[in-house]
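Step one of this worksheet: look at the structure below.
Now the structure itself:
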């Protein structure tokens with residue numbers, strides 16, 4: 002059995018200037034609605050794509066548009082595969098890049114801060130459910146999940162705990178993929 006965990010392509014973001022932590026709520030909403038550029042799909046390294054029997058995606062527009070950029074449609078679309086939500090704060094200062102705030106709040110999230118988002122524990126439980134769904138689908142043939150960075154890592158951890166063999170390493174920030182075998 003084989004499961005391929007792929008991270009979506011680079012999202013198109015409208016706002017990249019400095020914002021306050023309170024403005025992160027709106028930035029996160031926009032990020033969650035972002036798509037990827039149609040011509041951003043990688044050319045090399047996708048030889049296994051056509052051999053999959055099932056393409057799975059989260060409900061996030063960036064995951065769905067990534068599947069389209071690959072020239073396919075998802076067989077299964079499920080919110081269980083969505084990215085781990087990013088918390089935010091209501092502070093009115095200082096103004097920093099949303100990417101700095103995202104890294105800062107992701108670190109706080111791992112430490113237990115979850116204002117406006119799902120907790121780490123709830124996300125890990127969702128990753129366990131997601132891994133089981135992928136395993137069930139993989140019984141019919143190779144499965145490709147077009148998902149997200151943190152959630153894919155949590156799903157991978159669950160697959161490994163269930164005896165799946167991990168790939169040597171993931172490549173790239175976007176369009177990275179790992180093939181897990183049982």
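In the numbering used here, the protein residues as written are 2 to 183. We treat Cβ as the ideally placed atom computed from N, Cα and C, and that holds for glycine.
{"Asked": "According to DSSP, is residue 3 helix, strand or coil?", "Found": "strand"}
{"Asked": "Pull up the distance between the alpha-carbon of residue 161 and that of residue 84, whole angstroms please.", "Found": "19 angstroms"}
{"Asked": "From 98, 86, 96, pick the residue whose C-alpha is nearest to that of residue 113; which is it?", "Found": "86"}
{"Asked": "Is it buried or exposed for residue 111, if we count other Cβ within 10 angstroms and need 16 for buried?", "Found": "exposed"}
{"Asked": "How long is the line joining the alpha carbons of residue 27 and residue 119, rounded to whole angstroms?", "Found": "17 angstroms"}
{"Asked": "Going along the chain, which residues of its own chain have a beta-carbon closer than 7 angstroms to the beta-carbon of residue 117, five neighbours each way excluded?", "Found": "26, 88, 89"}
{"Asked": "Give the straight-line distance between the Cα atoms of residue 22 and residue 130, rounded to the nearest whole angstrom.", "Found": "32 angstroms"}
{"Asked": "Does the beta-carbon of residue 94 have 16 or more other beta-carbons within 10 angstroms, so that it is buried, or is it exposed?", "Found": "exposed"}
{"Asked": "Can you tell me whether residue 1 is helix, strand or coil according to DSSP?", "Found": "Outside the displayed range of the chain (2 to 183) lies residue 1, so it cannot be described from this structure."}
{"Asked": "From residue 147 to residue 65, what distance separates their C-alpha atoms?", "Found": "8 angstroms"}
{"Asked": "Would you mind stating whether residue 53 and residue 143 have Cβ atoms separated by less than 8 angstroms?", "Found": "yes"}
{"Asked": "Return the chain-ordered list of same chain residues with a C-beta closer than 7 angstroms to the C-beta of residue 35, the five sequence neighbours on each side being excluded.", "Found": "12, 13, 14, 62, 63"}
{"Asked": "Distance check for residue 60 and residue 175, CA to CA, integer angstroms please.", "Found": "18 angstroms"}
{"Asked": "Starting from residue 179, trace the beta strand (DSSP E) both ways and give me its first and last residue.", "Found": "178-182"}
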